[in-house]
Amino acid sequence: MAECVIAFLREKLTSFLNDENELLGGVDEKVEDMRAELERMAAFLVAAEAQEVTDPRLKVLVKQVRDVAYDSEDVLHEVIPLRTGRYQGKIRLCGFVHGVYLHIRNLKARHQLASEIQSIKSRVTSLEGYQRYCFPLSISEQGPNTNFNSRTLGDCRRTVHWSKDPNPVGIEVPKQQLIKWLVEGDSGVKTLSVVGPAGIGKTTLVREVYDDATVKKHFYNHAWLTVSQPFDLDELMKDMLQTLCSRMRAQDPQGIETTKTNGLKRKISEVLQQHRYVFVFDNVRNIDAWEGIKSVLPNNNNSRVMLTTCFSHIASTSSMETEGKVHTMKPLYQEDSWTLFCKKAFRGSYCPRYLEEVSQRILKRCCGLPLAIISIAGLLATKNQSRIEEWEMLHRCLGVELEGNDNLECLRKIFSYSYYDLPYHLKLCLLYLSIFPKDYTIERMRLLRLWIAEGFVQGRAEMTLEEVAEGYLNELVDKNLLHVPEKTEHGRLQTCQVHNLWGELISFKSREHEMVTVARGRDTLWPKKIRHLAVHNSLESLPESKYFNRLRSVLIFGRIGSLNQPLRSLLSSGKLIKVLDFRGAPWESIPEEVFELHHLKYLSMRETKLKKLPKSIGKLQNLETLDLKGTYVTQLPPEITRLHKLRHLLVYRYKILVGYISYDSVRGFKAPPTVGGLHCLQKLSYIEADHIGGGTSDIMVRKVGCLSQLRKLNIVRVRRGHGTALCSSLENLTNLRSLNITSIEPDEILDLDHPLSSASRYLQRLYLTGPLEHVPIWIASLNSLVRVVLRWSQLDDDPLQSLQALPCLEELHLLRAYKGDRLCFKAGGFERLKILWLITLEGLRWVVMEQGAVPCLQKMYYQNCRLVDKLPSGIQHLTNLGLLHLTDMPDQLIISLENREEGGGYAEIAHIRDVWTENYRGGSWTGHWIK
-12 MAECVIAFLR EKLTSFLNDE NELLGGVDEK VEDMRAELER MAAFLVAAEA
38 QEVTDPRLKV LVKQVRDVAY DSEDVLHEVI PLRTGRYQGK IRLCGFVHGV
88 YLHIRNLKAR HQLASEIQSI KSRVTSLEGY QRYCFPLSIS EQGPNTNFNS
138 RTLGDCRRTV HWSKDPNPVG IEVPKQQLIK WLVEGDSGVK TLSVVGPAGI
188 GKTTLVREVY DDATVKKHFY NHAWLTVSQP FDLDELMKDM LQTLCSRMRA
238 QDPQGIETTK TNGLKRKISE VLQQHRYVFV FDNVRNIDAW EGIKSVLPNN
288 NNSRVMLTTC FSHIASTSSM ETEGKVHTMK PLYQEDSWTL FCKKAFRGSY
338 CPRYLEEVSQ RILKRCCGLP LAIISIAGLL ATKNQSRIEE WEMLHRCLGV
388 ELEGNDNLEC LRKIFSYSYY DLPYHLKLCL LYLSIFPKDY TIERMRLLRL
438 WIAEGFVQGR AEMTLEEVAE GYLNELVDKN LLHVPEKTEH GRLQTCQVHN
488 LWGELISFKS REHEMVTVAR GRDTLWPKKI RHLAVHNSLE SLPESKYFNR
538 LRSVLIFGRI GSLNQPLRSL LSSGKLIKVL DFRGAPWESI PEEVFELHHL
588 KYLSMRETKL KKLPKSIGKL QNLETLDLKG TYVTQLPPEI TRLHKLRHLL
638 VYRYKILVGY ISYDSVRGFK APPTVGGLHC LQKLSYIEAD HIGGGTSDIM
688 VRKVGCLSQL RKLNIVRVRR GHGTALCSSL ENLTNLRSLN ITSIEPDEIL
738 DLDHPLSSAS RYLQRLYLTG PLEHVPIWIA SLNSLVRVVL RWSQLDDDPL
788 QSLQALPCLE ELHLLRAYKG DRLCFKAGGF ERLKILWLIT LEGLRWVVME
838 QGAVPCLQKM YYQNCRLVDK LPSGIQHLTN LGLLHLTDMP DQLIISLENR
888 EEGGGYAEIA HIRDVWTENY RGGSWTGHWI K
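Counting from -12, one number per residue, gives the positions in the sequence shown under my numbering.
1. Under the three-state reduction of DSSP, which class applies to glutamine 261: helix, strand or coil?
2. For the candidate residues Leu389, Leu587, Leu542, Cys483, whose alpha-carbon lies nearest to that of lysine 496?
3. Give the straight-line distance between the Cα atoms of threonine 213 and arginine 272, rounded to the nearest whole angstrom.
4. If we count the other Cβ atoms within 10 Å of its Cβ and call it buried at 16 or more, is threonine 612 buried or exposed?
5. From asparagine 536 to alanine 521, what distance separates their C-alpha atoms?
6. Taking 6 Å as the limit between beta carbons, can you name the residues of its chain near histidine 262, skipping five residues before and five after?
7. Can you give the beta carbon distance from leucine 587 to leucine 600, rounded, assuming they're within the 8 Å contact cut?
8. Under a Cβ-count criterion, where at least 16 other Cβ atoms within 10 Å of its own Cβ denotes burial, should serine 649 be classed as buried or exposed?
9. What's the gap between the Cα of leucine 358 and the Cα of tyrosine 534?
10. Measuring alpha carbon to alpha carbon, tell me which of Thr904, Trp211, Leu723, Arg518 ends up nearest serine 233.
11. Along the beta strand (DSSP E) that carries tyrosine 754, what are the first and last residues, could you check?
12. Of all the beta strand (DSSP E) runs that stay within the bounds of the segment 675 to 708, which reach a length of 3 or more residues?
13. Go ahead and pull the three-state DSSP assignment for glutamine 481.
14. Within the same chain, show all residues whose beta-carbon is closer than 7 Å to that of lysine 602, passing over the 5 residues directly before and after it, in chain order.
15. Evaluate contact between the segment 272 to 287 and the segment 219 to 227, counting only Cβ atoms and requiring at least three cross-stretch pairs below 8 Å.
16. Ordered along the chain, which non-local residues of its own chain (more than five positions away) have a Cβ less than 8 Å from that of valine 170?
17. Using the C-alpha atoms, what's the distance from proline 472 back to leucine 192?
18. In or out: proline 794 buried (at least 16 other Cβ within 10 Å) or exposed?
19. State the DSSP-derived secondary structure class of cysteine 811, mapped to helix, strand or coil.
20. Once DSSP output is grouped into helix, strand and coil, what is the label at methionine 432?
21. Report the rounded CA-to-CA distance for arginine 640 versus arginine 593, giving the unit in angstroms.
22. Can you give me the C-alpha to C-alpha distance between valine 855 and threonine 827, rounded to a whole angstrom?
23. For the beta strand (DSSP E) containing methionine 836, name the first residue and the last one.
24. What is the rounded straight-line gap between the Cα of leucine 825 and the Cα of leucine 633?
25. Shortest alpha-carbon distance to isoleucine 543 belongs to which of Glu531, Asp901, Ile422, Asp784?
26. Does the count of Cβ pairs from the segment 774 to 781 and the segment 739 to 759 closer than 8 Å reach three?
27. Do you know how far the Cα of tyrosine 749 is from the Cα of glycine 186?
28. Report yes or no: do three or more beta-carbon pairs, one from the segment 319 to 335 and one from the segment 155 to 162, lie closer than 8 Å?
29. Looking only at C-alpha atoms, which of Cys354, Lys312, Arg374, Ile363 sits nearest to proline 985?
30. Which one or two residues does DSSP pair with histidine 761 in a beta bridge?
31. With methionine 847 and phenylalanine 812 assumed to form a contact (beta carbons below 8 Å), what rounded beta-carbon distance in angstroms separates them?
32. Name the DSSP beta bridge partners of aspartate 568, please?
33. Can you tell me which of the three DSSP states valine 214 falls into?
34. Using a Cβ-Cβ distance under 8 Å, would leucine 858 count as near chain B?
35. What residues in its chain sit with their C-beta under 8 Å from that of serine 919, if we drop five residues either side in the sequence?
36. With C-beta atoms as the reference, is valine 258 less than 8 Å away from leucine 220?
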């Protein structure tokens, strides 16, 4: 992972060299030498990272070079802040004296830099015995990630998948579905893509389909081709020709080895003409490979192509282009997992009762991945069944077994292949996930901000760091290296997890790189240099402070006690710390030592008992994220405005609710009037608009207009008199993606009906809470809006008429938003609406959906609309409606829908897949499925 460090170093060294007038004589040359040396180290480490290093001598060298690179970064991090001073406080008095002081301090910094560089140079010299980093290490011209031993991997894949099992477990249903897709359908080539993470059984399933007698009989030509890495189209075509000729008992075409690309394509076309074929391309790993495959195959006679891949975008692209299908592999069900486990661990016999409990715990860690189950059960088959302690030991020390047990080599190889196939920046991001506990659900934005604060995200033109980081996350998900347990209604990733067993392998790699150290109490093995520390449940038994001199981050998970001296000592020693995440700690204050951490970029006290933010916060001038969500902080000190690099400011707390949402369900914070100076802010939640000037002043809403980089704004306690200034501020916020405005009281009108000539064309989510005289006219011009939420709007006029033409609107919530008795969705309106919520519309009696309205509606939620006794007229036209969710609706309506007799209401919902009804009564929710 040091190559990412080196990229940072080169950038910082360049900034030093560009500042020649400040450098001491001779230091610039040393810095230049250091930069050149770092480039040589980078080339070496890139090559080492691109392949599996097994030579113990080479492992030692890689570690030593990596240590030098890390220490070089530490030197610069210590020295750079001294150039310009750490504070930008009140230094107006004695300006001359202060200037002299800064000059002397800079001189000391230069001397320190020269000394540190010389020390590092000496260490580099000691490595030159290894022939200037050219110790036997092959560097392929194909790129940095193509040197993994694919021959060994291929042998491993064949061992796992192709040892023919007469009764494979858990694949009969998908097998029959795939066979049906293959043999049915119209003419032309169609592609069937099978996608899923490594080890889930893609190749096993496709092999079963390919070998099926029905498939063999249906297709004249058959070929199974494993796609080589790196991809070589000519070699693939030669393999294809040889396979086809072998099956046809024909000789290979003459001169095949010397034939060029176009000639090979012609020969394949000649062989395949007039005959139906089925080809399997196993392990397609890049889109170029698919493009090459597609260019070779003739489009005729109901032919079919099957491919297996770990990458979702390859599966979707290949199938979409040929109007084919995508089959996404799922983990085995519990019953099938247990059957497979017993089959391998007990040689087809039953599990002894005394081993059932520990076996189930071991099986749970396999997460339904067939490869993991087969490998681990195979290892257990070698254990003594009468010694339960051996099985308990394997469960407890599975990570250790994965590192070194030869019986699990295939599992390691499959993971390593996925790992070495990643670009460098994604390797770093993936290994960082070892900082989270097993099976931990990781919030998307938390992870993105952590990656950015750690320096893992490389800037790109025209993109924010958050957008780049989200791209990284999507890539890891696309490669099926992360599991996504929760998405938004629109399919956006909300949380992610690492599969349990993959987590063990990631942790192994992380330890190998000395990246993350996990403190688990007295049994923790402490490396000499701790860089990223995760504390799981215990702050006891921390080592002495010297271990933390190079510490970069501390994240706390689980039940942590009160602040203690070991933690304070840790914070005092870790002068290079950039990340502190104390989420959930039972602390009422921030440790004083935190405010001396001048490199700190990320500070989270989320869900702690913190009540007040001290003035010392102004010292943390590199801070980019301040997360105080769920705390008791309600006011920020003026010193907060010294944090000119702050990007995310989250200070709010939700009230505990029972039943329905209340009007004032969130408590925000009072900001100083100088908040407009935080020009880097991208997210601001939830700022109060009314606390200056007795609530009548519009200073705060005007200051918000200075934050031109804002992407997300949540503002509460807005008064009617703020309307003009607020709309004026919104005109300046042209980068907004999400806007949430709440008035101070349920009867305080939101005066937003002022023209916005430059309303943000990027705004995607709009939340308005409070009475409206009209739907603001400017909303109709927000062509990027995806979600609109109107709450307590109390409109007299049907709001649908103002919203129906929004071209991208997918989700609409109306909560106490309309006082009328009739809503009409007109034909042609809401063309992309997928989700509709109608909540507590107290006067509503009828909903009309004209034919052609809301054609894409998938989910409809009716809640607490007491006068509605029938479903919307026209609901039968909504052929895409899959869920109707009824909450606290009149009993008469529910009884009607449950009536399956002729003339009963059940006929109205016959086309809807799922219908659910629930009620809140007696302090709890009860519900049931109607269908």
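All C-beta atoms, glycine included, are put in the ideal place defined by N, C-alpha and C. Keep in mind it's a predicted model, so treat the numbers as computed, not measured.
In short, the structure shows the following:
1. coil
2. Leu389
3. 11 Å
4. buried
5. 16 Å
6. Tyr207, Asn208
7. Not confirmed; about 14 Å, so no contact.
8. exposed
9. 39 Å
10. Trp211
11. 752 to 756
12. 699 to 705
13. strand
14. Pro624, Glu626
15. yes
16. Thr201, Val202, His205
17. 24 Å
18. exposed
19. strand
20. helix
21. 10 Å
22. 11 Å
23. 833 to 836
24. 38 Å
25. Ile422
26. yes
27. 41 Å
28. yes
29. There is simply no residue 985 to check, as the chain begins at -12 and stops at 918 in what is shown.
30. For histidine 761, which the question treats as bridged, DSSP gives no partner whatsoever.
31. Not really, about 11 Å apart at Cβ, beyond 8 Å.
32. Leu542, Ser591
33. coil
34. The chain labelled as chain B is not found in the depicted structure, where only one protein chain is given.
35. Residue numbering for the chain in the displayed model covers -12 to 918; residue 919 lies beyond these limits and cannot be assessed.
36. no
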